[in-house]
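The structure under discussion appears below in the form of structure tokens.
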Amino acid sequence: MPAQEAWIRSEMGGTRQALVITKPDVLISLIKKAKHPLIIIGHESLTDSSRTDVIIRLVSVLHESLNIPIICTSHIAGQLLSRGLDVSGVYGSMEILDRLRDPTWEGLDGNGQYDLVCIIGFSYALGSLLFSGLKQNAPQTKIISLDPRYYPHAHWSYGNMKHITWKEETERLIDHIQSEHMHQGEEKAHV
Amino acid sequence: MNRKNIHIRVSEAKSSTGSVKDLDIQIGTIKGEQWDEKEGPTPFPDHTALRNWDRMLLTRYKPLYIPFCDLCCLCTYGKCDLSGGKRGACGIGMEAQQSRIVLLAACIGAATHISHGRHLVHHLIHIKGRRTPLDVGGLNVDVEAPMIRLVCGIKPQTLGDLEIVLDYLESQVTELLAAAHTGQESDPLDFESKVFHAGMLDHVGLELADIAQISAFNLPKADPDAALIDLGLGTIDPEKPVILVIGHNVPPAIDIINYSRNHGLAGTIEVTGICCTAIDLTRYDPSAKIVGPISWQLRYIRSGIPDLIVVDEQCVRADLLIEAGNIQSPLIATSSKNCAGLADRTDDDPDAIVADLISGTVPGVLILDSQKVGEVAVRAAIQSHAIRKKKKQGVIPTSEELIELAKRCGGCMECTRACPNETPLPDAMKQAAGGDLSHLAAIYERCIGCGRCDDVCNKGIPIHSSLVAAAQERVCEEKYTVRAGRGAIQDIEIREVGGPIVLGEIPGVVAFVGCANFPNGASEVAEMAREFAKRRYISVASGCSAMAIGMYRNEDGQTPYEEFHGRFDAGGIVNVGSCVSNVHIAGAAIKIASIFAKRPLRGNYEEIADYVYNRVGAVGVAWGAMSQKAAAIAAGFWRLGIPVIVGPHGAKYRRMLLGRKDHEDDWYVYDSRSGEKVLVGPVPEHLFVTAETKEEAMVLIAKLCMRPNDTSRGRSMKLTHYIDLYQRLYGILPDDIHLFIRSQADIPITMKEELLPLLAEKGLKERPIPDPTLLKSQIRTRKGGV
Chain A
2 MPAQEAWIRS EMGGTRQALV ITKPDVLISL IKKAKHPLII IGHESLTDSS RTDVIIRLVS
62 VLHESLNIPI ICTSHIAGQL LSRGLDVSGV YGSMEILDRL RDPTWEGLDG NGQYDLVCII
122 GFSYALGSLL FSGLKQNAPQ TKIISLDPRY YPHAHWSYGN MKHITWKEET ERLIDHIQSE
182 HMHQGEEKAH V
Chain B
14 MNRKNIHIRV SEAKSSTGSV KDLDIQIGTI KGEQWDEKEG PTPFPDHTAL RNWDRMLLTR
74 YKPLYIPFCD LCCLCTYGKC DLSGGKRGAC GIGMEAQQSR IVLLAACIGA ATHISHGRHL
134 VHHLIHIKGR RTPLDVGGLN VDVEAPMIRL VCGIKPQTLG DLEIVLDYLE SQVTELLAAA
194 HTGQESDPLD FESKVFHAGM LDHVGLELAD IAQISAFNLP KADPDAALID LGLGTIDPEK
254 PVILVIGHNV PPAIDIINYS RNHGLAGTIE VTGICCTAID LTRYDPSAKI VGPISWQLRY
314 IRSGIPDLIV VDEQCVRADL LIEAGNIQSP LIATSSKNCA GLADRTDDDP DAIVADLISG
374 TVPGVLILDS QKVGEVAVRA AIQSHAIRKK KKQGVIPTSE ELIELAKRCG GCMECTRACP
434 NETPLPDAMK QAAGGDLSHL AAIYERCIGC GRCDDVCNKG IPIHSSLVAA AQERVCEEKY
494 TVRAGRGAIQ DIEIREVGGP IVLGEIPGVV AFVGCANFPN GASEVAEMAR EFAKRRYISV
554 ASGCSAMAIG MYRNEDGQTP YEEFHGRFDA GGIVNVGSCV SNVHIAGAAI KIASIFAKRP
614 LRGNYEEIAD YVYNRVGAVG VAWGAMSQKA AAIAAGFWRL GIPVIVGPHG AKYRRMLLGR
674 KDHEDDWYVY DSRSGEKVLV GPVPEHLFVT AETKEEAMVL IAKLCMRPND TSRGRSMKLT
734 HYIDLYQRLY GILPDDIHLF IRSQADIPIT MKEELLPLLA EKGLKERPIP DPTLLKSQIR
794 TRKGGV
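Protein sequences appear in the order of chains A and B. Going by this note's numbering, the letters in the first sequence line up with residues 2 to 192, in that order. Going by this note's numbering, the letters in the second sequence line up with residues 14 to 799, in that order.
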């Protein structure tokens, strides 16, 4: 299964292809560089039950360790809340795309537009369109896919991989974030 | 108004006062005053006549473009990369290019319906005569053609009158297509306005086609108690010769019925159908059977049951000749728009055609004469059945064969990657190889029948057929009912529901329309339609969605059409008919303005659309929208101000029309009584939007039914449904309730305790309920005039 190839083969990206995330450091570096990042979770985070627990853990860690707000689409907010996730907003997938293209949008916190968006939990067909829409309408925003399938329209995406490999990669990412966070905490305490 | 086609030619005439030579007079149309209603401002509007109205809507609902790819490949300058703000060699930008593609889709859709209408009217005039009266509901329907009256400003009375309408539609679609040529239109909003125009034309074409066939074939005339029709593969008796008709143009199928009746064969053969030809055929003969939506084509043909296949036009799979050949069923193509590469045998002797089909000399024939189709199809089906019943002709594997096939699967995932719904086929194959077919059977429920999985399997597994094999038990149990398409809504029904709808006391009209590209199986449409019927909305259905609704049984074993009444009234599930019958839904909204509110209809589009937009809480849901026709139908609703929700695949239409509830300035209307601008909130919030899940769609339906004109009682009821659905399906309270509450009286009584603190937090500002309009022209002066 070639990594850098659209999961649905006919989903040709265009003239610019996403870079493949090969190790957690890349993601962490991208996220840490961002001034105003955001996470968007789609409904497959819950309907694809084989991935749900890992997604919830990843998103929780990103939120708690790096203070990244979470938006969910469709009808999953209540279920995410009951799993202890702190959801900052509920939008339709097209509605959030519409907000992200608007340079004057105040954002969830009043601090304006986001400069990095991590997306996870969409069907491939809809996800592809979201990435394409963002590429076209929000060129200033860096877009990252955290799903185990290659999305050419993102800036950064995992390559196509089996779920088990993706889970291992995601666990590695979670470990890295947590250890960095603990390390920073210790440094702060030391200072 | 009649097309007279008078032609006077005088070669030479002499009198005492002078002489005339080569005088040639032609009169195409005589415009007579058959209608005492004053003609409105825009009869037969061209594509700029309603541009201001369109721009009003498009300012509030700004297009959001979602490119399918970065390129434009339409001319030899290209391919041009339009990403990142780049322009093509012709100067076009990405937004204009996307709206241009939307326009092309809408034009294809409109052209398809209009061409179908032309074909039908031509055929019906040929067999019935130009002066055949139009009658869609006898004394129950006075406004026989609300859309034609509204757009064209004429009151058609005969089949011949429809030709004038067709001339107009064809010229307008040509103009719109011309605008999509390289180097023409350049502005996205102007493209969008043209999309709306294409949609409006499409609706006129739909109406024309349906009222022509209702009148000429005596289809149900606005009948809420139209017959219940057998639906599903399990209702078909394969012991009889079985004919399958597929498509949208019903005359050949009707002539099959007529031939069998005239030759004493009725009841001895099974006439079965897929897609809208099936719906229209059962409007003509309730003993015909509907197999299912378009996604049932492969599974039914591969079952080997059809002894002969007749295809006409629209939504017919392009590989049916191959599929028919695989089960040794002859195929008859009947439309000039779908000749399928077959020899034209229209002028041949039926004996010779039947002989060639039965001997297998030819795999199929093209016959462009519906009566001849009727004869050849029936005779050939009877002979084909006699031959085919001797030997199994289906290509669906047995369970044992399936298990062996499944063992070949190497789990490469190519099938899942090709599947529009990304179904977990390799896992299911693995289970099947071990003898457990239940996982494959479960995928059958979600399968849209595209067959892409077959093409990509490098182990040669007939995957789609395997799904059908695994679900064999389920397939045999596909025995449902659907109410035959009733056609128009009666004027009396409009009088009864007009007030409650406009005031908001019937919380909404929800139209489930469109194709079968469902993300999660057909049952979701039934679930939604039932939910809203139970909540006393009016659920309306057409085409493949009407069938999908029928393919469901409640705990008492009833299908939704048995469970709910068919009147256009609260708590009904109303099947209007086929694709072309969709217009009766728009027509009902227009008739509310005309019959209930007494607004003048004649060539008065803008005022009526403004009325519908501000007052009629109607929403379209095209959960499996697939086609360009669906795009055109949706566009017709948009211009009337009726929002449309599509399923997740609907985002592939490349453009949404979204409002911004956080932009308060967008949501002012005029109070036509005073001329003052009044904040009404985001009602309806969007004009075209994709929902990711059925649950999201249901909440959106309830929300998008709100209108500025709702009384407090009506708004309170609508809010009750919105909040209740949101809480039940999302598990939380919506965060935008305050935007819809104009005064304390709007707050649902049973929720007051819960909502008041929330509203206090948001700071509820009391707002008046206006007599809403977007149009300055509708503001009444102090003297009471407009």
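The C-beta atom is built at its ideal place from N, Cα and C for all residues, glycine as well.
Contacts of Arg612(B) in chain A (Cβ-Cβ under 7 Å): Looking up residue 612(B) in the second sequence gives position 599. What Arg612(B) touches in chain A: nothing, since even the nearest Cβ is about 33 Å away.
Tell me, which residues are paired with Ile40(A) by DSSP? The count along the first sequence starts at 1 and reaches residue 40(A) at position 39. Ile40(A) is bridged to Ile71(A) and Cys119(A).
If we call anything under 8 Å between Cβ atoms a contact, is Gly630(B) one with Gly521(B)? Counting from 1 along the second sequence, the entry for residue 630(B) is found at position 617. Counting from 1 along the second sequence, the entry for residue 521(B) is found at position 508. Using a Cβ distance threshold of 8 Å, Gly630(B) and Gly521(B) count as a contacting pair.
Since Ile598(B) and Val589(B) are thought to touch, with beta carbons under 8 Å apart, how far apart are those beta carbons, to the nearest angstrom? As a first step, residue 598(B) must be located in the second sequence, where it is residue number 585. As a first step, residue 589(B) must be located in the second sequence, where it is residue number 576. Distance from Ile598(B) to Val589(B) at the Cβ level is roughly 6 Å; contact confirmed, criterion being Cβ atoms closer than 8 Å.
Should Trp8(A) be flagged as near chain B, meaning a C-beta pair shorter than 8 Å? Walking along the first sequence from the start, residue 8(A) turns up at place 7. By this cut-off, Trp8(A) is an interface position.
Can you tell me the Cα-Cα spacing of Trp167(A) and Thr436(B), whole angstroms? Sequence index remark: in the first sequence, residue 167(A) carries index 166 (1-based). Sequence index remark: in the second sequence, residue 436(B) carries index 423 (1-based). So the two alpha carbons sit approximately 19 Å from each other.
In this structure, how does DSSP classify Thr786(B) when only helix, strand and coil are distinguished? Here residue 786(B) is taken as the residue at index 773 of the second sequence, counted from 1. Of the three classes helix, strand and coil, the one that applies to Thr786(B) here is strand, per DSSP.
Give the residues of chain A in contact with Asp83(B), contact being defined as C-beta atoms less than 7 Å apart. The residue labelled residue 83(B) in the question sits at position 70 within the second sequence. Gly15 and Thr16, listed in chain order.
Straight-line gap, Ile335(B) to Thr285(B) (C-alpha atoms, nearest Å): Your numbering for residue 335(B) matches position 322 in the second sequence. Your numbering for residue 285(B) matches position 272 in the second sequence. The straight-line gap from Cα to Cα measures roughly 20 Å.
For Tyr181(B) and Leu172(B), the rounded distance between their alpha carbons: What you label residue 172(B) is simply residue 159 of the second sequence in a count that begins at 1. What you label residue 181(B) is simply residue 168 of the second sequence in a count that begins at 1. Here the alpha carbon of Leu172(B) sits roughly 15 Å from the alpha carbon of Tyr181(B).
Three-state class that DSSP yields for Met183(A) in the structure shown: What you label residue 183(A) is simply residue 182 of the first sequence in a count that begins at 1. Three-state result, Met183(A): helix.
Note down, in chain order, each residue of its chain lying with its Cβ closer than 7 Å to the Cβ of Ala501(B), except the 5 sequence neighbours on either side. By 1-based counting over the second sequence, the position of residue 501(B) is 488. If we look at Ala501(B) and ignore the five residues flanking it on each side, its Cβ neighbours are Val149, Gly150, Val154, Ala235, His597 and Gly600.
Measuring alpha carbon to alpha carbon, tell me which residue in Glu506(B), Asp325(B), Glu491(B) and Asp362(B) is nearest Leu344(B). Here residue 344(B) refers to the residue found at position 331 of the second sequence. Of the candidates Glu506(B), Asp325(B), Glu491(B) and Asp362(B), Asp325(B) places its Cα closest to the Cα of Leu344(B).
So Arg726(B) is in the alpha helix (DSSP H); what residue range does that whole segment cover? Indexing the second sequence from 1 puts residue 726(B) at position 713. Element bounds for Arg726(B): Ser725 to Tyr743.
Nearest by alpha-carbon distance to Thr74(A): which of His37(A), Leu127(A), Leu59(A) and Pro38(A) is it? Your numbering for residue 74(A) matches position 73 in the first sequence. Of the candidates His37(A), Leu127(A), Leu59(A) and Pro38(A), the one whose C-alpha sits nearest the C-alpha of Thr74(A) is Leu127(A).
Any beta carbon from chain B within less than 8 Å of Tyr151(A)'s own beta carbon? Working through the first sequence from its first residue, we reach residue 151(A) at position 150. At least 8 Å separates the CB of Tyr151(A) from every CB of chain B.
Just to confirm the assignment, what range does the beta strand (DSSP E) spanning Thr494(B) have? Counting from one through the second sequence, the residue named residue 494(B) turns up at place 481. Thr494(B): member of the beta strand (DSSP E) spanning Tyr493 to Arg496, first to last residue.
Partner residues on chain B for Gln185(A), Cβ-Cβ distance less than 7 Å: Along the first sequence, read from residue 1 onward, the residue named residue 185(A) stands at position 184. Within 7 Å Cβ-Cβ: nothing; Gln185(A) doesn't reach chain B, min ~33 Å.
Under the rule that 16 or more other beta-carbon atoms within 10 Å means buried, what is Gly511(B), buried or exposed? By one-based count along the second sequence, residue 511(B) stands at place 498. Buried is the call here.
Just the C-alpha distance for Arg173(A) and Pro25(A), rounded to the nearest angstrom, thanks. As a working mapping, residue 173(A) is identified with position 172 in the first sequence. As a working mapping, residue 25(A) is identified with position 24 in the first sequence. Between the alpha carbons of Arg173(A) and Pro25(A) lies a distance of about 7 Å.
Would you report the Cα separation of Arg150(A) and Asp49(A), rounded to the nearest angstrom? Taking the first residue of the first sequence as position 1, residue 150(A) is located at position 149. Taking the first residue of the first sequence as position 1, residue 49(A) is located at position 48. One C-alpha to the other measures close to 14 Å.
Cβ of Asp116(A) within 8 Å of any chain B Cβ: Start at 1 with the first residue of the first sequence, and residue 116(A) comes out as number 115. By this cut-off, Asp116(A) is not an interface position.
Taking the alpha carbon of Val553(B) as the point to measure from, which residue in Ala542(B), Ala561(B) and Asp675(B) has its own alpha carbon closest? Position 540 of the second sequence, counted from the first residue, corresponds to residue 553(B). Of the listed residues, the one whose Cα sits closest to Val553(B) is Ala542(B).
Is it true that the CB of Pro38(A) sits closer than 8 Å to the CB of Asn161(A)? Reading the first sequence from its first residue, position 160 is the one you call residue 161(A). Reading the first sequence from its first residue, position 37 is the one you call residue 38(A). The answer is no: Cβ separation not under 8 Å.
Evaluate the contact criterion for the segment 95–105 of chain A versus the segment 17–33 of chain A: three or more CB pairs, one atom per stretch, below 8 Å. Remark: fewer than three beta-carbon pairs, one from each stretch, lie closer than 8 Å, so the segment 95–105 of chain A and the segment 17–33 of chain A are not flagged as touching.
Compare the beta carbon distance of Asp215(B) and Gly616(B) with 8 Å and say whether it is the shorter of the two. Locating residue 215(B) in the second sequence gives position 202, counting from the first residue. Locating residue 616(B) in the second sequence gives position 603, counting from the first residue. No, the Cβ-Cβ distance between Asp215(B) and Gly616(B) is not below 8 Å.
Output the residue ranges of the beta strand (DSSP E) runs that lie fully inside the segment 405–491 of chain B and measure 3 residues or longer, sorted by chain position. The qualifying runs do not exist here; there are none.
Under a three-way DSSP split, which group does Ala524(B) fall into? On the second sequence, position 511 is the one that residue 524(B) refers to. In this structure, Ala524(B) counts as strand in the three-state DSSP scheme.
Relative to the C-alpha of Cys528(B), which residue among His662(B), Val495(B) and Ala622(B) is closest? On the second sequence, position 515 is the one that residue 528(B) refers to. Minimum Cα distance to Cys528(B) is reached at His662(B).
Is it right to say Ile38(B) is buried, meaning 16 or more other beta carbons lie within 10 angstroms of its own, or is it exposed? As a working note, residue 38(B) is residue 25 in the second sequence. Counting Cβ neighbours within 10 Å, Ile38(B) comes out exposed, since fewer than 16 surround it.
Determine which residues of the segment 734–756 of chain B have a Cβ less than 9 Å from any Cβ of chain A, and write them out in chain order. Along the segment 734–756 of chain B, the positions whose C-beta sits under 9 Å from a C-beta of chain A are Tyr739, Gln740, Leu742, Tyr743, Gly744, Ile745, Pro747 and Asp748, read in chain order.
Any 3 or more C-beta pairs closer than 8 Å across the segment 112–124 of chain A and the segment 82–92 of chain A: No, the segment 112–124 of chain A does not touch the segment 82–92 of chain A.
Contact under 8 Å by Cβ, Glu220(B) with Ile307(B): Along the second sequence, one-based indexing puts residue 220(B) at 207. Along the second sequence, one-based indexing puts residue 307(B) at 294. For Glu220(B) and Ile307(B), no; Cβs fall outside 8 Å.
Span of the alpha helix (DSSP H) holding Arg17(A)? If you number the first sequence from 1, residue 17(A) lands on position 16. Note, Arg17(A): premise wrong, no alpha helix (DSSP H); not H, not E.
Under a CB-based cut-off of 8 Å, is His136(B) close to chain A? By 1-based counting over the second sequence, the position of residue 136(B) is 123. No, no contact with chain A.
Run through the DSSP bridge pairs and tell me what Thr285(B) is partnered with. Here residue 285(B) refers to the residue found at position 272 when the second sequence is read from its first residue. Looking at the DSSP assignment, Thr285(B) forms a beta bridge with Leu257(B) and Lys302(B).
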